[in-house]
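**Q**
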Amino acid sequence: MDQQQQQQSQLKQLIAKGKEQGFLTYGEVNDHLPDGIVEPEQIEDIIRMINDMGIQVYEEAPDIDDQSITDNAVSTDDDAAEAAAAALASVDSEFGRTTDPVRMYMREMGTVELLTREGELTIAKRIEEGLNQVLAALATYPDTVARVLELFDKVEVEEIRLTDVIAGFSDPNEPDEIAKPVQVKAPSAAESNSQASDDDNDDDDDDDDESADEVVDSGPDPEEAKIKIAQLRKHHKALLNNLSKHGKEHSKTIKSQEKLSASFLEFKYLPAVFQEMVENLRKAIAFIRNQERSIMGYCVNDATMPRKEFISTFPDNETNLSWLDGQIDAGKPYSAALIEVKAEVLRAQKKLLQLERHSQLSISEIKEINRGMSIGEAKARRAKKEMVEANLRLVISIAKKYTNRGLQFLDLIQ
């Protein structure tokens, strides 16, 4: 079974599970995604395809009473297989039923409902949940917290400002609500005349009132920030100590990680800082992929080791320096050729080993953190896309009211 067939098989299992339940959770999607699908755009395409097949994807499993099974869910194993192939194809390329971009745009917008205040609040919550999931994943990567603490160190020595790092603090008790629109009452004629007569007097008082009415946002409280930064530093140090002494799976390490994550999520990071944290993890993943590609090239291309054999034995042995010796001692037809590339393979493995020691995490654990981050990014991106589409749908609905009044429809939309 080649890699694409294996991916289709995994997606088939996922879709079959969704067909049986009538829904899927993001956790189930994460568990069944093929290893090669890790980018937010890829995950988003898969989720969209699953939704198009009538299988809803939820944050948590819905109550049985609230669950509704749609008629257009996949109904046979053959359907599931075809759906899996279609979902996989959507990851690699996009196909349209028409080449007219205007028709495609209008057809897609026609399926979008106008956004209500409640709908806007729901989407905003989903965006926040996705971003929080990204931060929660980043909090489990020690180097992320270390870099944030370095920024706070620069704040302490006044190299940068606190407002260059955070915009404030997260308040779990803050109500989720959107400000209601203010109803503006049109002034009567008498009120208009009165307002006009007062304008001259108001002009004289503008300078005096400007300073009184001006509200200056001084940013996050420095004293509160010091307390929270000290807590973050304390929890980070405790986590590193427990990782070194007990490993990641020990109860003390898990408890330390929970405290660190809670402390890390108390800050509202600026977008530039948030993006820097994401890019830092992505660089680590890119480094891992480069080394793995090099190792596979040496083994598969140079030593003629079967690709299937490499894929079945190398995962979880990325930094096992005895792995290649085991393949050489196996007495396979390609074993002798592996001796010729042993030095290059070990050199790449040692680079991965350095990353493990620096991060105090295994390669598989770093990959899992990246997958959690990608799932959160996909959720936030999908919600943002729905918000944009709903706003565009509103624009179109307004533009339709003004057709045949001298302007082309597309000009009205613009």
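Counting the sequence shown from 1 gives a position; the working numbering is that position plus 797.
Quick reminder that beta carbons are idealized off the backbone N, C-alpha and C, glycines included.
Counting Cβ pairs, one atom from each stretch, are 3 or more of them under 8 Å apart for the segment 1015 to 1035 and the segment 946 to 956?
**A** yes
**Q** Taking the CB atoms as reference points, tell me whether A934 and M1170 lie closer together than 8 Å.
**A** yes
**Q** Pull up the CB-CB distance for S1060 and L1036, whole angstroms please, since I reckon it's below 8 Å.
**A** That pair is no contact at about 10 Å.
**Q** Taking the beta carbon of N1167 as the centre, do at least 16 other beta carbons fall within 10 Å, making it buried, or is it exposed?
**A** buried
**Q** On the DSSP bridge assignment, give the partners of G1016 in chain order.
**A** Note: G1016 sits in no beta bridge, so no partner.
**Q** Let me check understanding here. Comparing Cα to Cα, which of I1160, K1023 and E1183 lies closest to A1083?
**A** I1160
**Q** Consider the Cβ of M1170: report whether some Cβ of chain B lies at a distance smaller than 8 Å.
**A** Within the model displayed, chain B is absent; a lone protein chain is all it includes.
**Q** Take the Cβ of E1046 as the centre, count every other Cβ of all protein chains shown within 10 Å, and call the residue buried at 16 or more, exposed below.
**A** Exposed, since its Cβ has fewer than 16 Cβ neighbours within 10 Å.
**Q** In terms of residues, what are the limits of the beta strand (DSSP E) holding F1061?
**A** Taken as a continuous stretch (DSSP letters only), F1061 belongs to no beta strand (DSSP E), being part of the alpha helix (DSSP H) at S1048 to F1061.
**Q** Would you mind working out which of I840, Y1095, E917 and A1069 sits nearest D964, comparing C-alpha positions?
**A** The amino acid occupying residue 964 in the given sequence is Ala; Asp does not appear at that position. If we check each option's Cα against that of A964, A1069 comes out closest.
**Q** Check for me: the alpha helix (DSSP H) holding V1142 runs from which residue to which?
**A** Per DSSP, V1142 belongs to the alpha helix (DSSP H) from K1139 to S1156.
**Q** Using DSSP's beta-bridge definition, name the partner residues of G965.
**A** DSSP, once it has assigned bridges, lists K1065 as partnering G965.
**Q** On a Cα-Cα basis, can you pick out the residue from V931, K1147, E1073 and S967 that is closest to A1165?
**A** Checking the sequence, you will find Glu at residue 1165 rather than Ala. Minimum Cα distance to E1165 is reached at V931.
**Q** Counting along the chain, where does the beta strand (DSSP E) carrying L1118 start and finish?
**A** From DSSP, L1118 is part of no beta strand (DSSP E); its letter is neither H nor E.
**Q** Find the nearest neighbour of Y1095 within the set K1139, G1016, K1129 and G1123, judged by alpha-carbon distance.
**A** K1139
**Q** Evaluate H1155 with the Cβ neighbour count: other Cβ atoms within 10 Å of its Cβ, from every protein chain shown; 16 or more gives buried, anything less gives exposed.
**A** Exposed, since its Cβ has fewer than 16 Cβ neighbours within 10 Å.
**Q** Check whether the Cβ atoms of L1149 and M1102 lie closer than 8 Å to each other.
**A** no
**Q** Quick one: what does DSSP say T919 is sitting in, helix, strand or coil?
**A** Assignment of T919 by DSSP, reduced to helix, strand and coil, places it in the helix class.
**Q** Going by the CB atoms, is the gap between S1058 and T919 shorter than 8 Å?
**A** no
**Q** How would you call K809, buried or exposed, if buried means at least 16 neighbouring beta carbons within 10 angstroms?
**A** buried
**Q** Kindly give me the distance between the Cβ atoms of A1180 and G927, rounded to whole angstroms, as I take these residues to be in contact under 8 Å.
**A** 6 Å
**Q** I need the boundaries of the alpha helix (DSSP H) containing K822, first residue and last residue.
**A** In the sequence under discussion, the amino acid at residue 822 is Thr, which differs from the Lys named in the question. That residue, T822, is in no alpha helix (DSSP H); its beta strand (DSSP E) goes F820 to T822.
**Q** Since L959 and A1022 should fall inside the 8 Å C-beta cutoff, what is the C-beta to C-beta distance between them, to a whole number of angstroms?
**A** Indeed, because the Cβ distance is near 6 Å, the residues count as touching under 8 Å.
**Q** Between which two residues does the beta strand (DSSP E) carrying V954 extend?
**A** Counting along the chain, V954 falls outside any beta strand (DSSP E), and DSSP gives it neither H nor E.
**Q** With H, G and I counted as helix, E and B as strand and the rest as coil, what does DSSP make of Y1131?
**A** coil
**Q** When DSSP builds the beta bridges, which residues end up paired with Q853?
**A** F820
**Q** Helix, strand or coil: how does DSSP classify Y960 here?
**A** Correcting the residue type first, residue 960 is Thr in the shown sequence and not Tyr. Helix, per DSSP.
**Q** In this structure, how does DSSP classify P939 when only helix, strand and coil are distinguished?
**A** Secondary structure at P939: helix, using DSSP grouped into helix, strand and coil.
**Q** Could you tell me the distance, in whole angstroms, from the CA atom of M846 to the CA atom of K1182?
**A** Cα-Cα distance, rounded: 15 Å.
**Q** For T1101, name the three-state secondary structure that DSSP assigns.
**A** coil
**Q** Have a look at K1025, K1080 and K1042 and flag the residue whose alpha-carbon is nearest the alpha-carbon of K1065.
**A** It is K1025 whose Cα lies nearest to the Cα of K1065.
**Q** Assign L1191 to buried or exposed, taking buried as 16 or more other Cβ atoms, counted over all protein chains shown, within 10 Å of its Cβ.
**A** exposed
**Q** On the premise that L1040 lies in contact with Q1157, defined as a C-beta separation below 8 Å, what is that separation, rounded to the nearest angstrom?
**A** 4 Å
**Q** Could you compute how far the alpha carbon of K1034 sits from the alpha carbon of T1050?
**A** 11 Å
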